[in-house]
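What follows is a set of notes on a single structure, which appears directly below.
There are 2 protein chains.
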Amino acid sequence: MRISELSRRSGVPITTIKHYLREGLLPPGRATAATQAEYEESHVRRLRLIRALIGVRGLSVSATRELLTAVSEHEADTHQMLGLVLGARPVAGTEPGTGKEDDRPGSADADALLTEMGWQVSEHAPAKGVIADTLETLRSLGVDYDWRSLVPYATLAGRTAAHDLDQLDDTTDPLERAERALLLTVLLEPALLALRRLAQEDESAKRYGG
Amino acid sequence: MRISELSRRSGVPITTIKHYLREGLLPPGRATAATQAEYEESHVRRLRLIRALIGVRGLSVSATRELLTAVSEHEADTHQMLGLVLGARPVAGTEPGTGKEDDRPGSADADALLTEMGWQVSEHAPAKGVIADTLETLRSLGVDYDWRSLVPYATLAGRTAAHDLDQLDDTTDPLERAERALLLTVLLEPALLALRRLAQEDESAKRYGG
Chain A
1 MRISELSRRS
11 GVPITTIKHY
21 LREGLLPPGR
31 ATAATQAEYE
41 ESHVRRLRLI
51 RALIGVRGLS
61 VSATRELLTA
71 VSEHEADTHQ
81 MLGLVLGARP
91 VAGTEPGTGK
101 EDDRPGSADA
111 DALLTEMGWQ
121 VSEHAPAKGV
131 IADTLETLRS
141 LGVDYDWRSL
151 VPYATLAGRT
161 AAHDLDQLDD
171 TTDPLERAER
181 ALLLTVLLEP
191 ALLALRRLAQ
201 EDESAKRYGG
Chain B
211 MRISELSRRS
221 GVPITTIKHY
231 LREGLLPPGR
241 ATAATQAEYE
251 ESHVRRLRLI
261 RALIGVRGLS
271 VSATRELLTA
281 VSEHEADTHQ
291 MLGLVLGARP
301 VAGTEPGTGK
311 EDDRPGSADA
321 DALLTEMGWQ
331 VSEHAPAKGV
341 IADTLETLRS
351 LGVDYDWRSL
361 VPYATLAGRT
371 AAHDLDQLDD
381 TTDPLERAER
391 ALLLTVLLEP
401 ALLALRRLAQ
411 EDESAKRYGG
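Shown next, in the form of structure tokens:
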């Protein structure tokens, strides 16, 4: 297909596609004339993934280029690839130093929770730090909150994650799967919190309503 | 207790307490001398709620004053009070005009989901708009996402909400309950999303790991 068709199919403007070609994010098409090239389906899928990484995950062009290189080395390994795309696993070269141990009490609590759940997650998963931060914040506000109170939430998160991954089953193309995982993870986040607020309102009506 | 003790117990600096007294957020203490007053336990609880509304929910001083007035009218009605504190229910006078109907397809989908779940929620709950926005965004990115895919998430959100409200049972004081509901709702949000990310990584390891 021509670049105009590639733009229509991917939802990315032609000038932006040309920028990605110059920056090496997108491999060149097959030249058919001095100023014309032919693009494939794989370009559409790669462009949609680039759009999600930059527009939804908020990565820079250079971080996206590094990540795409790592992804193409792990295309056959869905687990590795999802970890990279969702940011659970650091791209080689940006791995945090092992000297930076987190020795706050919240961090030990986050580890205890992961052990309790028996979850296999990478040692430097940023989400671990978020849990530690939350426990620290509650403590600083004088709320006596035990990490064990998070166990029911973690159990429900496990079921949520199973439903998340079920939604990847209708495609086998690695890049399409990566894009879908990224969109459904990041973009659903506000909706999942909104569902909790609405469910709380309903539960409150049932418990305390007149 | 003196103002210094009130400050220590609530975690709010003395200058800030004096500001809240002048702004009418906090009722005055019982005067014991020209420049001294005696404060009660109810001042501690009210100050902690004010701190949560301003510091955690991000309300302005005047919005907090309006909300506290509404809360004090509904102190005996836990359902009304939680709706006010969590922002599900508008404070009188700031009710959105009924002329502003949301006629996007995402909005009809959000209504269909609420009907399917049989949830009792207020007509102008902001969380409804968040769900409509999310469905619109996915659609604009070319993802064919049916609102029925949200039903399993909504079911899990119902169980989450039950656990949320269970955690209010250890206090019966309305202001303490309101503060706790606000902290555990808003502050746990990043942690719940982090738990989903970790659960996804674990689920991915189980499904696709080597």
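In order, the protein sequence lines correspond to chains A and B.
Numbered per our numbering, the first sequence spans residues 1 to 210.
Numbered per our numbering, the second sequence spans residues 211 to 420.
Just so it is clear, CB atoms sit at the ideal spot from N, CA and C, and this is done for glycine as well.
- In this structure, A:ALA37 and A:GLY29 form a Cβ contact; the two beta carbons are roughly 3 Å apart against a cut-off of 8 Å.
- Flagged as an interface residue toward chain A: B:HIS289, by a C-beta distance shorter than 7 Å.
- For A:THR185, the uninterrupted alpha helix (DSSP H) run begins and ends at 174-186, by DSSP.
- For A:GLY142, the chain B residues whose C-beta falls within less than 8 Å of its own C-beta are GLY221 and ARG258, listed in chain order.
- Here DSSP, grouped into helix, strand and coil, assigns A:GLU41 to helix.
- The C-beta separation of A:LEU6 from A:LEU68 comes to about 17 Å, leaving the pair out of contact by the 8 Å criterion.
- In chain order, LEU59 and THR64 place their CB closer than 6 Å to the CB of A:LEU53, counting only its own chain and leaving out the 5 sequence neighbours on each side.
- Counting other Cβ atoms within 10 Å of its Cβ, B:ARG358 stays below 16 and is therefore classed as exposed.
- Under a criterion of Cβ atoms nearer than 7 Å, no residue of chain A is adjacent to B:LEU385; the nearest Cβ is some 14 Å distant.
- When secondary structure is reduced to three states using DSSP, A:ALA88 falls in the coil class, being assigned neither helix nor strand.
- Closest in alpha carbon position to A:THR185, among B:LYS228, B:VAL396, B:GLN410 and B:GLU399, is B:GLN410.
- If you look at A:THR155, you'll find it in the alpha helix (DSSP H) that goes 151-166.
- A:ARG104: not part of any beta strand (DSSP E); DSSP gives it neither H nor E.
- The C-beta of A:LYS18 has fewer than 16 other C-beta atoms within 10 Å across all chains shown, which makes the residue exposed.
- The alpha-carbon separation between B:PRO300 and A:SER72 amounts to approximately 50 Å.
- In the DSSP assignment, B:ARG240 is bridged to B:GLU248.
- The beta carbon of B:PRO223 lies closer than 7 Å to those of SER217 in the same chain, with the five residues before and after it left out.
- Among the residues of chain A, those whose CB is under 8 Å from the CB of B:LEU405 are ALA127, ILE131, LEU150, TYR153, ALA154 and ALA157, following chain order.
- With fewer than 16 neighbouring CB atoms inside 10 Å of its own CB, B:ALA286 falls in the exposed class.
- If you draw a straight line from the Cα of A:LEU187 to the Cα of B:VAL340, it comes to about 11 Å.
- Scanning A:ARG207, A:HIS163, A:THR35 and A:GLU123 for the CA closest to the CA of B:ARG406 turns up A:HIS163.
- If you check the CB distance, A:ALA127 and B:LEU408 come in under 7 Å.
- Ranked by Cα distance from B:GLY368, the first of B:GLU250, B:HIS284 and B:LEU324 is B:LEU324.
- Residue-level contact by beta carbon fails for B:THR242 and chain A, as no gap is shorter than 7 Å.
- B:LEU385 is positioned such that its CB atom lies closer than 7 Å to that of B:LEU259.
- By alpha-carbon distance to A:GLU136, the top candidate from B:ARG349, B:ASP313 and B:PRO400 is B:PRO400.
- In the displayed model, A:VAL12 falls within coil according to three-state DSSP, outside both helix and strand.
- Between A:THR160 and B:TYR363 a beta carbon distance of about 6 Å is seen, short of the 8 Å cut, so the two are scored as contacting.
- Across the set A:LEU193, A:ALA178 and A:GLU203, the C-alpha of A:ALA178 shows the shortest separation from the C-alpha of A:ARG45.
- If you look at A:ARG65, you'll find it in the alpha helix (DSSP H) that goes 61-73.
- Residue-level contact by beta carbon holds for A:HIS163 and chain B, with a gap shorter than 7 Å.
- Cβ contact annotation for B:ASP312 (same chain, cutoff 8 Å, sequence separation greater than five): GLY339 and ALA342, in chain order.
- For the 7 Å CB-CB criterion, A:ALA125 and A:ALA88 form a contact.
- Less than 7 Å separates the beta-carbon of A:GLN120 from that of B:ALA415.
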